[in-house]
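Single-structure report; data block below.
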Amino acid sequence: MAAEAEEFRFEVAAEQPADRLDRVLVAARADMSRSRLQALIRDGRVTVGGRTIVEPKFRVNAGDEVTLTIPPPEPAAPKPQAIPLTVVFEDDQMIVVDKPAGLVVHPGAGTPDGTLVNALLDHCAGSLSGIGGVERPGIVHRLDKDTSGLIVAAKTDIAHRSLADQFADHGRTGPLERGYRALVWGCPRRPRGTIDAPIGRSRQAPEKMVVRDGGRHAVTHYALCETFAAADGVPRAALVECRLETGRTHQIRVHMAHLRHPILGDAVYAAGFRSKERLLTENQRFALNTLGRQALHAYLLQVSHPVSGKVLRFESAFPADFQTLVDSLRDG
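Numbering that gives the first Met the number 0 puts the first residue of the sequence shown at 0, with every later residue one more than the last.
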């Protein structure tokens, strides 16, 4: 039997001042995100005084009768697939996975299946938040295909809203932390610093992101963890930790390349540094070629539990191929 649409009707309280329709709905339906409610308004699913309103900023007054029609949730288009997952944490609200390199997060052009979403649909038996849309159920943030490490997904709409708000805030006012470790060419001159440079899509190569005027505000904080020098004492590479203050596509990869210390193995943003490989030992070159991807790992994730509010902190060790590269750089 097909699910039916839910009709939610209420009268704006007399003591409530005039306000935007989307804000009034957020106050009335705390279980739904503002973006979801705005989408329902634009879809013509909200009436005020019997009149359909499609502008979220429409002013609603005390005494107005508001009706919200919520369509039944659509089943996610991706099919469940039994793809092995390394589950770090799971309860009825959320799941944290240690994603391997090579696994795409959600279906898209050229990757219709075999993604983390397909794996989660199988593992969670369909209990993923639908707010992310048909192709991205439960997804509140992303990791690049070839970046390994920790990623969290929401299993309920309440969890999705809470986690999405935390990621949008980037830890400015809450406990959210995301830590990445990367192996970069050379060694930054300063042991720690901040890269504040706008990122936008390249006009020459739309598949690439670049630092450019008119790009979106992007801030990355980095700290030097370890330096790997050759026999002559010249640093060949370094291990750095990066923290994000914003969340732009390929942000760490673009910002480290902008600093002239691109990530080892990054075929897109370190292509001009391929000649540096001849400075590595045979063992180091073998380890880098075996890695076959950018040496970037999301090792730290800290979030506030969406229901209990408890601060949850998770850490992930380097994958074996990443650790082998680190060891080869240490051995010289």
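Note that beta-carbon positions come from the ideal geometry of N, C-alpha and C, so glycine has one too.
Fully enclosed alpha helix (DSSP H) runs of no fewer than 4 residues occupy 156-168 of the region 131-177, in order along the chain. Residue nearest to A181 within the set I157, T146, E206 is T146 (criterion: CA-CA distance). One thing to note: V210 has its Cβ no nearer than 9 Å to the Cβ of C224.
Annotation for I262: no beta strand (DSSP E) segment contains it, and DSSP assigns it neither H nor E. The alpha carbon of A236 has as its nearest neighbour, out of P197, R284, I198, the alpha carbon of R284.
Taking each of Q92, N117, I94 in turn and checking the Cα distance to V104, the smallest one comes out for N117. Using a Cβ-Cβ distance cut-off of 8 Å, the region 164-171 and the region 313-331 are not in contact, since fewer than three pairs of beta carbons, one from each stretch, lie closer than that value.
When the alpha-carbon of L324 is set against those of A294, G308, G214, the nearest one is in A294. In this structure, P174 is the residue among P174, T219, A256 with its C-alpha nearest to the C-alpha of K309. When the beta-carbon positions are compared, E5 and P55 stay at least 9 Å from each other.
In the assembly as shown, R191 is an exposed residue. Its beta-carbon has fewer than 16 other beta-carbons within 10 Å. Inter-residue distance for S32 and D231 is about 57 Å (C-alpha atoms, whole angstroms). For the region 22-104, the continuous beta strand (DSSP E) assignments of 3+ residues that do not extend past its boundaries occur at 45-47, 64-69, 86-89, 93-98, in sequence order.
If you draw a straight line from the Cα of L142 to the Cα of I150, it comes to about 7 Å. Considered as a whole, the region 239-325 harbours 250-257, 281-290 as its complete alpha helix (DSSP H) runs of no fewer than 4 residues, in chain order.
For the set L258, D212, L20, the Cα lying nearest the Cα of C186 is the one of L258.
The beta carbon of K144 is closer than 6 Å to those of V103 in its chain, skipping five residues each way along the sequence.
From the listed residues K154, V302, D195, the smallest Cα separation to H216 is found for D195.
Separation of I69 and A152 (C-alpha to C-alpha, rounded to the nearest whole angstrom) is 23 Å.
Within its own chain, the residues whose Cβ lies closer than 6 Å to the Cβ of H254, once the five positions on either side in sequence are excluded, are I194, T219, listed in chain order. Pairing P261 with I157 gives a Cβ-Cβ distance that is not under 9 Å. A Cβ-Cβ distance of about 7 Å is found for the pair T280 and G331, placing them in contact under the 8 Å criterion. For secondary structure counted as the beta strand (DSSP E) over 3 or more consecutive residues, the region 168-232 holds these complete runs in sequence order: 176-184, 191-195, 198-200, 208-210, 218-228. For E5, the enclosing beta strand (DSSP E) starts and ends at 5-10.
In the DSSP assignment, A13 falls outside any alpha helix (DSSP H) and carries neither an H nor an E.
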